[in-house]
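Right, one structure below, let's go through it.
Chains as they are written, first to last, in the working numbering: chain U, 5 to 175; chain G, 5 to 175.
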């Protein structure tokens, strides 16, 4: 089964992201706006309890995540996804590393760039157009996320929550 | 903010429900297939911790839910929603009662009929047509759900997971 690990920002920031995703992101209907902490990975359903245990341990070590969505940026030319850039704090980098060390399945291919995707799968010219517009609007939101979620994917591509982990530590 | 309490069946049963929802349920993209344990209710975001505590207590009392999706039925003429009927066991009725007693917000208007919606918002003639077809196919799935979820709704109508509660008791 395919799993992923995410943090959902506040309703307010999700609503803001959705105003863009509705128009520009074909994944809009598959999952609500999120910051990915571990890219989707395949794991046997019988091994999910080990993953839960690993995440419980991590969640007992880390405190709520302070995030600052500071500007609108793009992964172009690697992909043409546009996103709210989240400042890569030591805390975010550390929890990302901790998760990927504890759960080696489906290793990360890229450097970790914390972000919330708001547009993707456009043509190059749409991308340039939309990025130009969105950059002018910008984003500036600071908040605290006190939990992370283990999600799994259904056959139609949509994601269901498997489990929540409250961040109750102080790293 | 609007909250709801649900139990997600297995991926297999969700995938089956989605084969119908994709075609017949306009709420398809807003949330993955689920059995509602408490209808959507408004509660101030600052009160959500009280709700979490109440659900933690209930989840410590109840064991995993045994469900049997036994046939395809309809709420017609109250609404024209078509659903997998879940046999209303004492356990399901009890957890539904416990949740609604512990969280009085937005009291339930109907008798509790455990179900997973697979089609809704059709015209009456579409409803009759589809119900006839689906009844012939039927459904027969028994399984165990070991957790419940507190969800909240975004402005666009989609639902995000707030918290999971593992059912670790023995009621």
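Even for Gly, the Cβ is constructed at its ideal location relative to N, Cα and C.
Legend entry - Given 8 angstroms, three or more beta-carbon pairs between the region 114-134 of chain G and the region 20-30 of chain G: yes
Inset, instruction - Throw me the rounded Cβ distance for the residue 11 of chain U and residue 149 of chain U pair, which I believe falls under 8 angstroms. - result: Taking the first residue of the first chain as 1, we reach residue 11 of chain U at position 7. Taking the first residue of the first chain as 1, we reach residue 149 of chain U at position 145. At roughly 5 angstroms, the Cβ-Cβ gap stays under 8 angstroms, so residue 11 of chain U and residue 149 of chain U are in contact.
Inset, instruction - Flag this pair as touching only if the region 160-174 of chain G and the region 60-73 of chain G have three or more C-beta atom pairs under 8 angstroms; answer yes or no. - result: yes
Inset, instruction - Tell me residue 69 of chain G's beta-bridge partners as DSSP assigns them. - result: For the purposes of this step, residue 69 of chain G is taken as residue 65 along the second chain, with counting starting at 1. Answer is G:149.
Legend entry - Any chain G beta carbon closer than 8 angstroms to residue 36 of chain U: Your numbering for residue 36 of chain U matches position 32 in the first chain. It does: the Cβ of residue 36 of chain U has a partner Cβ on chain G nearer than 8 angstroms.
Legend entry - Range of the contiguous alpha helix (DSSP H) that encloses residue 140 of chain G: If you number the second chain from 1, residue 140 of chain G lands on position 136. It spans 128-141 - the alpha helix (DSSP H) in which residue 140 of chain G sits, taken as one unbroken run.
Legend entry - Three or more C-beta pairs below 8 angstroms linking the region 138-146 of chain G and the region 50-57 of chain G: no
Inset, instruction - Can you tell me which of U:19, U:136, U:83, U:48 puts its alpha carbon nearest to the alpha carbon of residue 163 of chain G? - result: Translated into positions along the second chain, residue 163 of chain G becomes position 159. Among U:19, U:136, U:83, U:48, the Cα nearest to that of residue 163 of chain G belongs to U:19.
Legend entry - DSSP three-state assignment for residue 49 of chain U, whether helix, strand or coil: Taking the first residue of the first chain as 1, we reach residue 49 of chain U at position 45. Helix at residue 49 of chain U.
Inset, instruction - Kindly examine the ligand FMN and report whether one of its heavy atoms sits closer than 7 angstroms to the Cβ of residue 167 of chain G. - result: With respect to small molecules bound, the structure shown includes none, and the ligand FMN cannot be examined in it.
Inset, instruction - Note down the Cα distance separating residue 89 of chain G from residue 72 of chain G, rounded to an integer number of angstroms. - result: On the second chain, position 85 is the one that residue 89 of chain G refers to. On the second chain, position 68 is the one that residue 72 of chain G refers to. Rounded to whole angstroms, residue 89 of chain G to residue 72 of chain G spans 8 angstroms at the Cα level.
Inset, instruction - Flag residue 60 of chain G as yes if its beta-carbon sits less than 8 angstroms from any beta-carbon of chain U, otherwise no. - result: Looking up residue 60 of chain G in the second chain gives position 56. Closer than 8 angstroms: no.
Inset, instruction - Answer yes or no: do residue 15 of chain U and residue 156 of chain G have a C-beta to C-beta separation smaller than 8 angstroms? - result: Stepping through the first chain from its first residue, residue 15 of chain U is reached at position 11. Stepping through the second chain from its first residue, residue 156 of chain G is reached at position 152. Cβ atoms of residue 15 of chain U and residue 156 of chain G: closer than 8 angstroms.
Inset, instruction - Out of G:70, G:100, G:85, point me to the one whose CA is closest to residue 43 of chain G's CA. - result: As a position in the second chain, residue 43 of chain G is number 39, starting the count at 1. Checked all of G:70, G:100, G:85; the closest Cα to residue 43 of chain G is G:100.
Inset, instruction - Let me know the secondary structure DSSP gives residue 167 of chain G once reduced to three states. - result: Along the second chain, read from residue 1 onward, the residue named residue 167 of chain G stands at position 163. Looking at residue 167 of chain G - three-state DSSP - the assignment turns out to be strand.
Legend entry - Minimum C-alpha distance to residue 49 of chain U - residue among U:13, U:61, U:5: As a first step, residue 49 of chain U must be located in the first chain, where it is residue number 45. Residue 49 of chain U has its Cα closest to that of U:5, out of U:13, U:61, U:5.
Inset, instruction - Measure from the alpha carbon of residue 170 of chain U to the alpha carbon of each residue in U:61, U:91, U:37, then state which is nearest. - result: Position 166 of the first chain holds residue 170 of chain U. Checked all of U:61, U:91, U:37; the closest Cα to residue 170 of chain U is U:61.
Legend entry - N-terminal and C-terminal residue of the alpha helix (DSSP H) that residue 25 of chain U is part of: Position 21 of the first chain, counted from the start, is the residue given in the question as residue 25 of chain U. Here the alpha helix (DSSP H) through residue 25 of chain U covers 15-28.
Legend entry - Under 8 angstroms between C-beta atoms of residue 176 of chain G and residue 128 of chain G: Since the first residue of chain G shown is 5 and the last is 175, residue 176 of chain G is not available in this structure.
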